[in-house]
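Note that our numbering has the sequence shown beginning at 129, numbered continuously upward.
Don't be surprised by glycine CBs; every beta carbon is placed ideally from N, CA and C.
Since we're looking at a predicted model, the values are computed, not measured.
Following: one structure in structure tokens, then a few remarks.
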Amino acid sequence: MTATSPPAAPRPPWRVRWAERENDRRRRAHAGDAEAWRRRADELTRLRVEATCFLGCSLPPDAPVVHLGRGEVVYRVLPKVELVEVTARNLAGLPAPGLAVDPAGTDAPGRPLPPGLRVVDAGTAVVTDRRVVFLGRHRQRIWWYADLAGPAHHPRAPLTLLHTKDGTPLAGLLAPPPAALNLRFYLTLAFADGLGNRDAVAACLDDLVAAHLRARPVAPPLAAPAEAPVTARLHDRRLAAAAAALAASAVVAVTFAVGRTLTPTVPAGTPSPVVVSDVTGPVDGSPTPTSSPGPVERPPTPTTLTPQPGRRSPSTR
Numbered sequence: 129m130t131a132t133s134p135p136a137a138p139r140p141p142w143r144v145r146w147a148e149r150e151n152d153r154r155r156r157a158h159a160g161d162a163e164a165w166r167r168r169a170d171e172l173t174r175l176r177v178e179a180t181c182f183l184g185c186s187l188p189p190d191a192p193v194v195h196l197g198r199g200e201v202v203y204r205v206l207p208k209v210e211l212v213e214v215t216a217r218n219l220a221g222l223p224a225p226g227l228a229v230d231p232a233g234t235d236a237p238g239r240p241l242p243p244g245l246r247v248v249d250a251g252t253a254v255v256t257d258r259r260v261v262f263l264g265r266h267r268q269r270i271w272w273y274a275d276l277a278g279p280a281h282h283p284r285a286p287l288t289l290l291h292t293k294d295g296t297p298l299a300g301l302l303a304p305p306p307a308a309l310n311l312r313f314y315l316t317l318a319f320a321d322g323l324g325n326r327d328a329v330a331a332c333l334d335d336l337v338a339a340h341l342r343a344r345p346v347a348p349p350l351a352a353p354a355e356a357p358v359t360a361r362l363h364d365r366r367l368a369a370a371a372a373a374l375a376a377s378a379v380v381a382v383t384f385a386v387g388r389t390l391t392p393t394v395p396a397g398t399p400s401p402v403v404v405s406d407v408t409g410p411v412d413g414s415p416t417p418t419s420s421p422g423p424v425e426r427p428p429t430p431t432t433l434t435p436q437p438g439r440r441s442p443s444t445r
């Protein structure tokens with residue numbers, strides 16, 4: 129602004145309030161996105177390390193009984209897994225098998241499965257370096273890696289389908305979102321180990337980590353009052369009217385409560401309060417005379433005799 133330019137007009141209050149609300153909304157949205165980004169970055173970093181160093185683990189004591197073969201190593205035990213079967217003969221849109229550990233769909237909230245898929249049982253999945261074992265309430269299923277064409281991870285659901293070479297009906301495992309990425313990683317890593325191609329999984333994770341670093345959320349720009357839409361003025365008026373109505377109702381409620389406190393109501397049928405008189409009456413219940421009381425007699429005041437000079441007191445005679 130130069131010395132000759134007129135002073136800027138003050139911003140309308142409703143525009144300023146809109147900018148404050150909008151900036152607060154943008155900050156909260158960015159904080160949520162940044163937290164989700166950090167969690168996924170930590171997960172991918174951990175998986176990248178395990179793609180090189182992980183050699184298996186022992187079977188937990190609370191896991192279902194699985195008889196392991198000589199030298200067979202457990203990779204992961206996943207409870208609360210569901211067995212899914214493909215009911216349609218020619219279902220389009222299903223993922224192809226491969227060694228890619230795609231995290232897409234692992235955070236998808238609970239939603240119905242795509243058409244042509246159905247859940248048939250629930251139980252626990254045990255992933256070893258030779259097979260995948262599903263132990264359900266009513267069914268058991270074993271997929272040997274030697275018979276698999278590869279795992280196929282669904283891009284829109286936390287589902288991994290297991291394609292077989294002999295053309296048996298297609299089935300797979302559905303894991304809850306917190307465990308879906310672990311299921312995909314350890315199953316793909318175990319299958320790749322069976323093929324002697326663990327490096328392919330490590331290379332896939334390198335690409336995922338690099339892509340995730342490039343997708344780091346950027347802080348949004350601050351909203352200026354001049355950007356406030358015209359509809360925000362109507363919204364501001366509605367908020368002011370709602371606040372005024374709320375304040376008025378609060379005043380009425382307080383006034384009503386104070387009135388009830390200062391003026392107690394007497395229930396019907398309650399005897400009137402007895403006023404105790406200052407005049408003491410008989411305590412035996414006899415009626416008290418209604419005539420006005422006379423003057424109250426006071427006891428005589430004792431007088432003290434002062435001996436006069438020249439006269440003897442009677443007690444000295």
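Do you know offhand how far residue i's Cα is from residue j's?
{"i": "VAL201", "j": "PRO297", "result": "27 Å"}
{"i": "THR234", "j": "PRO353", "result": "40 Å"}
{"i": "ASN265", "j": "ARG326", "result": "Note on identity: in this sequence residue 265 is Arg, with Asn being the wrong assignment. The straight-line gap from Cα to Cα measures roughly 33 Å."}
{"i": "VAL229", "j": "PRO223", "result": "12 Å"}
{"i": "ALA330", "j": "GLY199", "result": "24 Å"}
{"i": "ARG174", "j": "GLY295", "result": "35 Å"}
{"i": "PRO99", "j": "GLU148", "result": "As displayed, the chain neither begins before 129 nor continues past 445, which places residue 99 out of reach and without an answer."}
{"i": "VAL193", "j": "ALA285", "result": "29 Å"}
{"i": "PHE182", "j": "LEU172", "result": "14 Å"}
{"i": "ARG259", "j": "ASN310", "result": "16 Å"}
{"i": "LEU219", "j": "ASP152", "result": "46 Å"}
{"i": "ALA299", "j": "HIS291", "result": "8 Å"}
{"i": "PHE262", "j": "TRP272", "result": "12 Å"}
{"i": "TRP165", "j": "PRO240", "result": "26 Å"}
What residue range is occupied by the uninterrupted beta strand (DSSP E) comprising residue i?
{"i": "HIS291", "result": "287-292"}
{"i": "PHE313", "result": "Segment 305-323 is the alpha helix (DSSP H) holding PHE313; no beta strand (DSSP E) there."}
{"i": "PRO207", "result": "202-214"}
{"i": "PRO141", "result": "No beta strand (DSSP E) contains PRO141, which is instead part of the alpha helix (DSSP H) from 141-181."}
Taking the Cβ atom as the reference point for each residue, do residue i and residue j lie within a distance shorter than 8 Å?
{"i": "GLY278", "j": "VAL209", "result": "no"}
{"i": "ALA320", "j": "LEU227", "result": "yes"}
{"i": "HIS340", "j": "ARG168", "result": "yes"}
{"i": "ALA191", "j": "LEU333", "result": "no"}
{"i": "THR256", "j": "ALA308", "result": "no"}
{"i": "ALA356", "j": "LEU301", "result": "no"}
{"i": "ARG156", "j": "PRO348", "result": "no"}
{"i": "ARG312", "j": "THR288", "result": "yes"}
{"i": "GLU150", "j": "ALA338", "result": "no"}
Could you pull the start and end residues of the alpha helix (DSSP H) that residue i belongs to?
{"i": "PRO192", "result": "From DSSP, PRO192 is part of no alpha helix (DSSP H); its letter is neither H nor E."}
{"i": "VAL337", "result": "326-342"}
Does any residue of chain C bring its CB to less than 8 Å from the CB of residue i?
{"i": "PRO305", "result": "In the structure shown, chain C does not exist; there is a single protein chain."}
With a cut-off of 8 Å on the beta carbons, I'd call residue i and residue j a contact; round off their distance for me.
{"i": "VAL214", "j": "GLY244", "result": "6 Å"}
{"i": "ALA303", "j": "LEU206", "result": "6 Å"}
{"i": "ALA360", "j": "TRP146", "result": "4 Å"}
{"i": "ARG204", "j": "TYR314", "result": "4 Å"}
{"i": "ARG267", "j": "VAL248", "result": "7 Å"}
With 16 other CB atoms within 10 Å as the buried threshold, where does residue i fall?
{"i": "ASP275", "result": "exposed"}
{"i": "SER420", "result": "Here the model assigns SER420 a pLDDT of 46, short of 50, so the residue's position is not dependable, and the following value carries that caveat. So SER420 ends up on the exposed side."}
{"i": "GLU163", "result": "exposed"}
Is residue i near the ligand MG, with its Cβ less than 7 Å from a heavy atom?
{"i": "ASP190", "result": "Questions concerning the ligand MG fall outside what the structure shown contains, since it holds no ligand whatsoever."}
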